[in-house]
Amino acid sequence: DWIMTDHVEEAVKRIREQVGDEEVILGLSGGVDSSVAAALIHRAIGDQLTCVFVDHGLLRLDEGKMVMEMFAGRLHAKVVHVDASAQFLGHLAGVTDPEQKRKIIGREFVEVFKAEAAKLKAGDGGHKGAQWLAQGTIYPDVVESGGAKTKKATTIKSHHNVGGLPEQLGLKLLEPLRDLFKDEVRELGVALGLPPEMVYRHPFPGPGLGVRILGEVKKEYADLLRRADAIFIEELRNWTDSATGKNWYELTSQAFTVFLPVKSVGVMGDGRTYDYVVALRAVQTSDFMTADWAELPYGLLKKVSGRIINEVRGINRVTYDVSSKPPATIEWE
Ligand code: XMP
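Structure representation (structure tokens):
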């Protein structure tokens, strides 16, 4: 709509005035906020922006590929793709405590990002280097960091809209979304030409699959979980509710698969299997502080379970989580 188009013009102008001919670094996570910030800043200053995408090995199936296709491919933005999965998995080996896992992932994330940012700041032959760090901070983040926070919320902010990082890096801070609510950020994303599936995606936690694999994180588990979760999400998007005309991805606020490092017995053909279990989780909520488990159609659950068990060798049992928050949390860790 035209109001958003005006907003784009306005925001673009402001970024150009702020940045001038200097260069900007942005940490791209594939989430809504950093994606919209990247698209907006790229619209304003083009190649003066370099995005850094850190793959910690705990992302969803093909996430890295999709981010690169969208930003480097379609928008022609400069994107540095850092595959740090081996490093993250190495540091997580043997660690089972959820908060400990969060701490390690958050710390490594900052390390890897800082190293890349330092290189971009230094510049190279004839290239003067970056002076700005852009972040996809939105208005609710600004409010939240002023007030009381839960332990988890602190962790969230500690490695995404990172307090203190610009100072540590000696960079100026650029936050073009800081006056906007989430809905406005999404509208802005659409106005900038980002695909609605990207802009209306469910939230995904910074520690990623690291908190959706219970206990110790292993590559084998992450690979199985990624494939199972992709099937669940695909079927949610495919399954339309006739009463509302919406699909079940749209009808849920967050949906994902959890990997349980537990084996149970099954049969397949003439043989016995002894394989892992996953739990499907889908909730409806307006604020993520309380949430109801979603009453997904049985037909949908049946389809998802059948596909996961048939297509993902190594998983032979699928369960559905029927716990609301409180007392359960949305994530299992
Ligand atoms: P819980 O599990 O606390 O989750 O009911 C509420 C919302 O917060 C997200 N969440 C996180 N997001 N880092 C994040 O960026 C985290 O460590 C984290 N833990 C939970 C969760 O996905 C849900 O949307």
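Sequential numbering of the sequence shown, starting at 21, is according to my numbering. Quick reminder that beta carbons are idealized off the backbone N, C-alpha and C, glycines included.
If you draw a straight line from the Cα of Ala248 to the Cα of Tyr269, it comes to about 16 Å. A straight line joining the alpha-carbon of Val332 with that of Glu195 spans about 42 Å. Bridge partners of Lys239 according to DSSP: none are assigned. In this structure, the beta-carbon distance from Val298 to Leu244 falls below 9 Å. Contact between the stretch 309–323 and the stretch 334–344 is established, with three or more Cβ pairs separated by less than 8 Å. In the same chain as Arg198, and ignoring 5 residues on each side of it, the C-beta atoms closer than 6 Å to its own belong to Thr157 and Val162, in chain order.
Between Leu69 and Ala31, the CB-CB gap reaches or exceeds 9 Å. Between the alpha carbons of Leu46 and Leu112 lies a distance of about 26 Å. A residue is called buried once 16 or more other Cβ atoms fall within 10 Å of its Cβ, and Phe252 is buried on that count.
The stretch 74–84 makes contact with the stretch 224–232, as at least three CB pairs between them are under 8 Å. A residue is called buried when at least 16 other Cβ atoms come within 10 angstroms of its Cβ; Glu136 meets this threshold and is buried. With a threshold of 16 other beta carbon atoms within 10 Å, Met288 falls short and is exposed.
Secondary structure note for Ile65: its alpha helix (DSSP H) is the uninterrupted segment Val52 to Ile65.
Of all alpha-carbon atoms in Asp26, Tyr296, Ile65 and Lys134, the one lying nearest the alpha-carbon of Leu189 is that of Lys134.
Boundaries of the alpha helix (DSSP H) harbouring His111: Ser105 to Leu112, taken from the DSSP string. The beta carbons of Leu48 and Ala250 sit about 21 Å from each other, so the pair does not count as a contact at 8 Å.
Remark: the C-beta of Thr25 is outside contact range of the ligand XMP, defined as less than 8 Å to any heavy atom. Straight through space, the alpha carbons of Leu95 and Ala242 are spaced by roughly 30 Å. At a threshold of 8 Å, Gln274 counts as near the ligand XMP, since its beta carbon sits closer than that to one of the ligand's heavy atoms. Val72 has its alpha-carbon roughly 29 Å from the corresponding atom of Thr116.
Contact check for Leu280 and Val338: beta-carbon distance about 10 Å, past the 8 Å limit, so the pair fails to qualify. Looking at Met24, Gly50, Val44 and Asp53, the one whose alpha-carbon comes closest to that of His62 is Val44.
Counted as a single uninterrupted DSSP element, the alpha helix (DSSP H) harbouring Arg127 occupies residues Pro118 to Ala142. DSSP places Gly84 in the helix class (H, G or I) of the three-state scheme.
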